[in-house]
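S.K.: Taken in sequence, the protein lines are chains A and B.
Just so we're aligned, residue 1 is where the first sequence starts under our numbering, counting upward by one.
Just so we're aligned, residue 1001 is where the second sequence starts under our numbering, counting upward by one.
Every residue gets a Cβ at the ideal spot worked out from N, C-alpha and C, and that includes glycine.
These numbers come from a predicted model, not from an experiment.
I'd like to ask you about the structure that follows.
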Amino acid sequence: REKFFGDQVFRINVRNGDESSKLSQLVNSDNLKLNFWKSPSTFSRPVDVLVPSVSLQSVRSFLKSQGLEYSVTIEDLQALLDNEDEEMQHNEG
Amino acid sequence: QERSSNNFNYGAYHSLEAIYREMDSIARDFPALVSRVKIGHSFENRPMYVLKFSTAEGRRRPAIWLNAGIHSREWISQATAIWTARKIVSDYGKDPALTSILEKMDIFLLPVANPDGYVYTQTQNRLWRKTRSLNPGSACVGADPNRNWNASFAGEGASDNPCSEIYHGPHANSEVEVKSVVDFIQGHRNFKCFIDLHSYSQLLMYPYGYTIKKAPDADELDEVARRAAKALASLSGTTYQVGPTCTTVYPASGSSVDWAYDNGIKYAFTFELRDTGHYGFLLPANQIIPTAEETWLGLKTIMEHVRDNLY
């Protein structure tokens, strides 16, 4: 079963086309193993991306260097999944 | 009388088996109104069941298709669909609007359009989105079932890389889950409305996704969608954005709703259900019923418009 310990979800606020194109460098970087929950669109909508724990530092540095504003919406994905799983087990009973 | 021993907790997420059992239970409890119909199977050979709500058995009346769970990780869509099934049987005969809809039309509800993916999210990877079909020559599994329909297939907003989350598949309808729905709808030939439930973002969209070109009925669809979004917001204040897919979120070719529209099903809509907070696909179970209740108001608004504007 896939585990997501320490993985975080970043919400990146894209304010204009320039920032959207900066973000595309991140989108195209396969090595970071990012999973875009809300993909970049050209309509300055926030972008949600799941960042594996091993890529957190690289992604933070990139966003900072590009001046891209972001917030962490899920601090530890696995903790949320454990809650959900526990609740389902409880309900199953 | 509703069976008092019904103990299915609609405010919780359930396994595929539990959802199928509840569908069977609803059909058994209301045999004059509901039947559970197998329309096909998944790649891993799981059955695909719809609930057919009809007050005129045997006749092929104008019909509405409610689709959910095509992207398996979007659990609120499957949960909303099964709650909606119970709502329909509970309110028929009591809610004048729903009763009049069912006096004129049939409703088909597919709560789990991607059974293999749904089981996979519950057993292996909670964030799985695609089908579980095998891609010859690639280690990556599955195709995006909402890029696999024959509507500008393999166009903009889809990928030819089997490892991509938006991989369109080797050809249109290559995913047996998609083909099962296509064949059923084309065999029926009298669908007037197709609504696909996704999450998340609070969006109510209509064609097109595969082109920026304005759909011939865009003005009417926009008006209906705005009324539906207003009805939805009236319950808990959840605000939806309304517009054509391509310019509301992003280009997407091969989608179910574009296919429906291009195949004569005029009233074609996509709901991106809530996460008004920061949970994304992991919407807590305590938001299932509030989400389903508000969505129902939007669905009913659309279905009433279809009832009054049959073509």
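Thinking B/Q1124 and A/E2 are a contact (beta carbons under 8 Å), I'd like their distance in whole angstroms, please.
M.R.: Right, their Cβ atoms sit about 6 Å apart.
S.K.: Does the beta-carbon distance from B/Y1200 to B/A1252 come in below 8 Å?
M.R.: No. Outside cutoff.
S.K.: Considering only the beta carbon of each residue, do A/L78 and A/V51 sit closer than 8 Å?
M.R.: Here the sequence assigns Gln to residue 78 of chain A, which means Leu is not the residue at that position. Result no, Cβ atoms of A/Q78 and A/V51 do not sit closer than 8 Å.
S.K.: Output yes or no for whether 8 Å exceeds the beta carbon distance between A/W37 and A/D30.
M.R.: Going by C-beta atoms, A/W37 is not nearer than 8 Å to A/D30.
S.K.: Can you pull the chain B neighbours of A/N16, defined as C-beta to C-beta under 9 Å?
M.R.: Correct list: empty, because the minimum Cβ distance to chain B is about 16 Å.
S.K.: Any beta carbon from chain A within less than 8 Å of B/Y1250's own beta carbon?
M.R.: It does; some Cβ of chain A falls within 8 Å.
S.K.: With a threshold of 8 Å between beta-carbons, can B/F1271 be considered close to chain A, or not?
M.R.: No, B/F1271 does not count as interfacial toward chain A.
S.K.: Classify A/D76 as helix, strand or coil using the three-state DSSP reduction.
M.R.: Looking at A/D76 - three-state DSSP - the assignment turns out to be coil, as it is neither helix nor strand.
S.K.: Does any C-beta atom of chain B lie closer than 8 Å to the C-beta of A/V54?
M.R.: No, A/V54 does not count as interfacial toward chain B.
S.K.: Would you please verify whether the beta carbon of A/N35 is less than 8 Å from any beta carbon of chain B?
M.R.: So, interface residue.
S.K.: For A/F62, I'd like the list of residues in its chain whose CB is within less than 7 Å of its CB, leaving aside the five on either flank, ordered along the chain.
M.R.: Result list for A/F62: L26, in chain order.
S.K.: In whole angstroms, what separates the C-alpha of B/P1115 from that of B/D1091?
M.R.: Approximately 28 Å between the Cα atoms of the pair.
S.K.: Pull up the CB-CB distance for A/V59 and A/L32, whole angstroms please, since I reckon it's below 8 Å.
M.R.: Their Cβ separation, rounded to whole angstroms, is 6 Å, which keeps A/V59 and A/L32 in contact under 8 Å.
S.K.: Helix, strand or coil: which one does DSSP assign to B/S1159?
M.R.: Residue state, collapsed to three classes: strand.
S.K.: What span of residues does the beta strand (DSSP E) with B/P1244 cover, start to end?
M.R.: Looking at the DSSP string, the run of the beta strand (DSSP E) that includes B/P1244 is 1241 to 1244.
S.K.: Using only the alpha-carbon positions, how far apart do A/S71 and B/N1161 sit?
M.R.: So the two alpha carbons sit approximately 30 Å from each other.
S.K.: Going by the CB atoms, is the gap between B/R1126 and A/L81 shorter than 8 Å?
M.R.: Going by C-beta atoms, A/L81 is nearer than 8 Å to B/R1126.
S.K.: Would you say A/S44 lies against chain B (beta-carbon separation less than 8 Å)?
M.R.: It does not; no Cβ of chain B falls within 8 Å.
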